[in-house]
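Remarks on the structure that follows.
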Amino acid sequence: MKTKLILAATLSFCISFSTLAQDPTQKILQGIMGGKNKKAEALPETYAFSWEFKTNIEIEGKKKKSDGTYKMNYLINENDDYYAIEYENEELKKSGGSSVMVMDFNNEAMVIFSQYGDQNMAMLQKLKDPKTKKIKDKDRNYTYTEIGTKTILGYECYGIVLENKKMKATLYFTLDAPVNFSAFFAFSSEAAPAGFSDPELFDVLKDEALLMELDMTDKKKNQSMKMIPISLEQKKTEFHKKDYQFMKMGF
């Protein structure tokens, strides 16, 4: 299912980038800094968010050095075209730095806004819109099971289990939150499993759902990942393109 793939890929990139950014040097930054990125001109002047969804990501697998709990915050608003991810890294905090990734599917761009001291930098990378990917039969080769409801952060959440030979994922989502992951649930009813009795549910997820909890297991590699919700609160956050210098890399 694309939800699993998107979250796994997002987490993987987030961890990789934060590792690279742990010890930035002036020499490296000068080497990759460039003039105005032409592709950046097509981006909105401002990315605005009104809500912050804080989560913990728990990783467990064969490579014990990668095990642990990671703090990941999602910035969301009523806009269907983008959302942002902030990975809280202790090394970055100690250095006074911060980094946020904006997933802008409308412009097929992932924009990384970073701050190190008095330097504001941005990096632009190509991001393909998952909705444009053609659905193949193998993409629908999994089962779907409803598992009832439970309350998470005060919201009634519906549980489903998606499973195939390689993966098993348990998801809880709510339709009652003031914001949703419409940009995150980037799939359509065409991605429903074979024999699925209610493909319209996938359109509901795409338009109205907020994913609140995820427990995913890789059966082949004996690895697991859990997304545990911490809080969902109103918080105004804005990133203005004019305040950042774009690096010459990625696009």
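When you line the sequence shown up against this note's numbering, it's residues 1 to 251, in that order. Every residue gets a Cβ at the ideal spot worked out from N, C-alpha and C, and that includes glycine. All values derive from a computational prediction rather than experimental measurement.
Between the beta-carbon of residue i and the beta-carbon of residue j, is there less than 8 Å?
i, j, result
"leucine 262", "methionine 103", "For residue 262 there is no data in the structure shown, the boundaries of the chain being 1 and 251."
"alanine 169", "leucine 210", "no"
"alanine 256", "glutamate 233", "As displayed, the chain neither begins before 1 nor continues past 251, which places residue 256 out of reach and without an answer."
"asparagine 89", "tryptophan 51", "no"
"glutamine 245", "alanine 84", "no"
"asparagine 164", "glutamate 208", "no"
Taking the C-alpha atoms as reference points, what is the distance between residue i and residue j?
i, j, result
"methionine 167", "methionine 225", "11 Å"
"asparagine 106", "threonine 55", "25 Å"
"glycine 61", "lysine 219", "11 Å"
"glutamine 119", "alanine 40", "18 Å"
"glycine 271", "leucine 124", "Residue 271 lies beyond the stretch modelled for the chain, which goes from 1 to 251, so this question has no answer here."
"methionine 72", "serine 231", "11 Å"
"lysine 241", "serine 98", "16 Å"
"methionine 110", "methionine 101", "7 Å"
"glutamine 223", "methionine 216", "8 Å"
"glutamate 86", "threonine 46", "17 Å"
"proline 229", "glycine 117", "30 Å"
"aspartate 176", "glutamate 156", "7 Å"
"isoleucine 112", "aspartate 81", "16 Å"
"glutamine 114", "proline 44", "Here residue 114 turns out to be serine, not glutamine, going by the sequence shown. Each residue's alpha carbon lies about 17 Å from the other."
"aspartate 67", "lysine 236", "32 Å"
"tyrosine 172", "methionine 247", "38 Å"
"aspartate 243", "alanine 42", "16 Å"
"lysine 221", "glycine 154", "35 Å"
"threonine 145", "phenylalanine 53", "26 Å"
"threonine 69", "isoleucine 59", "6 Å"
"threonine 94", "glutamate 108", "Here residue 94 is lysine; the residue named in the question, threonine, does not match the sequence. Lysine 94 and glutamate 108: Cα-Cα distance of roughly 33 Å."
Under three-state DSSP, which class holds residue i?
i, result
"lysine 71", "strand"
"glutamate 78", "coil"
"glutamate 88", "strand"
"lysine 166", "coil"
"alanine 176", "Reading the sequence as shown, one finds aspartate at residue 176 and not alanine. DSSP places aspartate 176 in coil when its eight states are reduced to three."
"lysine 242", "helix"
"alanine 209", "coil"
"glutamate 41", "helix"
"lysine 94", "helix"
"tyrosine 144", "strand"
"lysine 54", "strand"
"glycine 159", "strand"
My guess is that residue i and residue j are in contact by the Cβ rule of under 8 Å, so how many angstroms apart are they, rounded?
i, j, result
"glycine 159", "threonine 149", "7 Å"
"methionine 227", "threonine 174", "With 8 Å as the limit, methionine 227 and threonine 174 do not qualify as a contact, their Cβ atoms being about 14 Å apart."
"isoleucine 147", "valine 161", "6 Å"
Run the CB neighbour count on residue i, radius 10 Å, all protein chains shown included, and call it buried at 16 or more, exposed below.
i, result
"isoleucine 57", "buried"
"proline 252", "This structure cannot speak to residue 252, because the chain is shown only from 1 to 251."
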